[in-house]
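Input: a single structure, listed below in structure tokens.
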Amino acid sequence: MEHSIIDNQPYGRFHRKLFFLSSGGPFLDGYILSVIGVAITGATRELELTSFLEGVVGAAALVGVLVGGFVFGWVTDRVGRQVMYTIDLIALVLASALSLFVTEAWQLIVLRFVAGIAVGADYPIATSLLAEWLPANRRGRTMGALVAAWFVGASASYAVGYLVAVVGGDGLWRWVLASATVPGVIILLARIGTPESPRWLLRHNRPDAAREAIRTAFGRCPTEQELAHLAEHEPPKKSRLSEVFRGGYLGRTLFVGGFWMCQVAPAFAIWTFYPVILGAYGFEEGNTALLWSMVVSLVTLAGCFPCIFWVESIGRRPVIIWTFVGVTVSMAALGLFPGMVATLAILMFVVNALALGGGNILQWIYPTELFPTDIRASAVGVASAISRIGAAAGTYLLPVGLDTIGLGPTMLVGAGIAAVGTAMCLAWAPETKGKALHESATVVQRSAAPATTR
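My numbering puts the first residue of the sequence shown at 96, with every later residue one more than the last.
Structure follows, in structure tokens:
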């Protein structure tokens with residue numbers, strides 16, 4: 096197969112820096128979406144939240160992610176990746192800082208929603224920019240590693256929450272929420288000056304700017320032949336958001352959004368309320384549950400690492416199928432035996448965490464590989480929006496479910512959702528290992544399998 100200057104470029108200093116900067120988004124995502132699980136106990140007590148409002152607070156950021164991904168994916172395809180790369184973090188930093196001044200439940204809900212919009216916007220921005228710069232032989236591994244940053248952020252939020260709880264107790268929950276401001280400012284400043292995607296520039300008929308972007312990144316100007324070869328696969332084209340819902344791309348959109356939703360619907364519900372759930376399985380609530388939440392998040396992070404390499408060796412399809420199986424089995428065990436001793440419960444949570452960590456890396460690989468440059472950010476945004484419908488519903492319904500149907504049935508609902516994801520991937524998951532970006536994004540012909548590539 097014939098690859099472009101970008102696909103053939105050795106993985107080097109520029110790629111490592113861009114990965115670090117792009118991983119700041121999922122780090123903050125994991126931090127912000129998990130930190131509410133740390134702060135919710137203090138916020139519930141001080142703001143007198145009902146179980147309904149508790150669910151709304153937990154789901155507000157996820158609804159924001161839905162809106163941010165859907166709207167700003169399209170905006171990113173229109174105005175460019177570089178511009179949006181820093182703007183979204185400004186909103187995130189402001190929303191986090193203002194958490195210090197919350198006195199009413201509605202204020203907390205609004206700020207969580209705004210922070211979610213910023214996080215949702217960063218999904219299509221950072222993933223598209225990174226994928227469009229990566230060499231073909233490192234794309235899957237590097238894109239998958241972004242998920243590891245999510246779990247680093249989640250673990251960091253539990254660590255901060257644990258330390259704050261030890262020092263000041265639940266009364267410092269506002270400071271826990273506002274702590275996201277610090278990494279947000281650092282990442283924002285570091286992103287300034289990142290070069291634009293040459294693929295996007297060529298799609299918008301700006302070859303001179305594309306040549307300069309490549310020179311800035313790789314330290315040399317591309318030859319006319321190299322630029323022409325890249326331009327051959329990235330012809331000038333401006334597309335509408337509706338194209339992700341047309342032809343062969345409709346099936347890919349449904350597949351990516353569907354498996355993503357089946358992964359995050361039970362996962363975010365559990366991550367948001369880990370301390371509460373672990374308490375229900377016999378762990379002491381408070382600092383001990385927070386500590387175990389951090390441990391389980393670190394185990395989830397550990398699950399990412401072997402799969403980061405397996406997607407390049409055995410392929411994307413086997414990894415996503417078998418990790419879904421692991422999530423289904425572990426949640427079914429937790430649901431069928433809710434009275435199990437705490438030791439067995441934590442073992443099932445470990446299995447669940449390892450499988451979730453491994454499977455989640457495909458959330459950052461498939462969406463960027465299955466769509467062309469002119470609609471890539473839009474497709475990532477739409478897929479993340481679809482997924483967050485399930486995530487928001489799961490996060491809102493989990494505390495309600497615990498109060499109404501109980502722990503066991505609630506876990507079984509999560510197992511059922513994961514089983515649907517398993518069936519979906521068995522039927523439709525494609526194999527894109529080793530393909531150039533324009534090859535994996537090309538729809539050759541329509542078929543019954545929504546995501547099939549050839």
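Backbone N, C-alpha and C define an ideal beta-carbon position, used for all residues, glycine too.
Kindly indicate which three-state DSSP category GLU291 falls into: helix, strand or coil? coil
DSSP on PRO462, reduced to helix/strand/coil? helix
In the DSSP assignment, find the unbroken alpha helix (DSSP H) run with PHE122 in it and report its ends. 108–142
Here's the rule I'm using: 16 or more other beta-carbon atoms within 10 Å means buried, otherwise exposed. How should VAL197 be labelled? buried
Is SER250 closer than 8 Å to LEU123 when the C-beta atoms are compared? no
Span of the alpha helix (DSSP H) holding CYS520? 502–523
Based on Cα-Cα distance, which residue from ALA216, LEU148, ASN232, SER191 lies nearest to THR527? ASN232
Once the 5 residues before and after GLY529 are set aside, which same chain residues still bring their CB inside 6 Å of it? none
By a C-beta neighbour count over all protein chains shown, 10 Å radius and 16 as the cutoff for buried, is VAL262 buried or exposed? exposed
Put GLN104 into one of helix, strand or coil per three-state DSSP. coil
Kindly give me the distance between the Cβ atoms of LEU157 and ALA522, rounded to whole angstroms, as I take these residues to be in contact under 8 Å. So it is not a contact: roughly 27 Å between Cβ atoms.
Taking PHE432 as the reference, give the member of LEU465, LEU502, GLY346, TRP417 with the closest Cα. LEU502
Measure the C-alpha to C-alpha separation of PHE109 and LEU493 and round it to an integer number of angstroms. 42 Å
Please confirm whether GLY279 and LEU184 have their CB atoms less than 8 Å apart. yes
Could you tell me whether the Cβ atoms of ALA154 and TYR491 are closer together than 8 Å? yes
Three or more C-beta pairs closer than 8 Å, one from the region 164–171 and one from the region 236–247: is that the case here? no
Could you tell me the boundaries of the alpha helix (DSSP H) in which PRO413 lies? 411–431
When the Cβ atoms of the region 216–227 are set against those of the region 168–179, are three or more pairs found closer than 8 Å? yes
Using the Cβ count rule (16 or more neighbours within 10 Å means buried), how would you classify ALA478? buried
How many whole angstroms separate the CB atoms of HIS324 and SER99, which I take to be in contact at a CB cut-off of 8 Å? 6 Å
Quick check on TRP355: buried or exposed, where buried means 16 or more other Cβ atoms within 10 Å of its Cβ? buried
Since LEU532 is in the alpha helix (DSSP H), which residue starts that stretch and which ends it? 532–535
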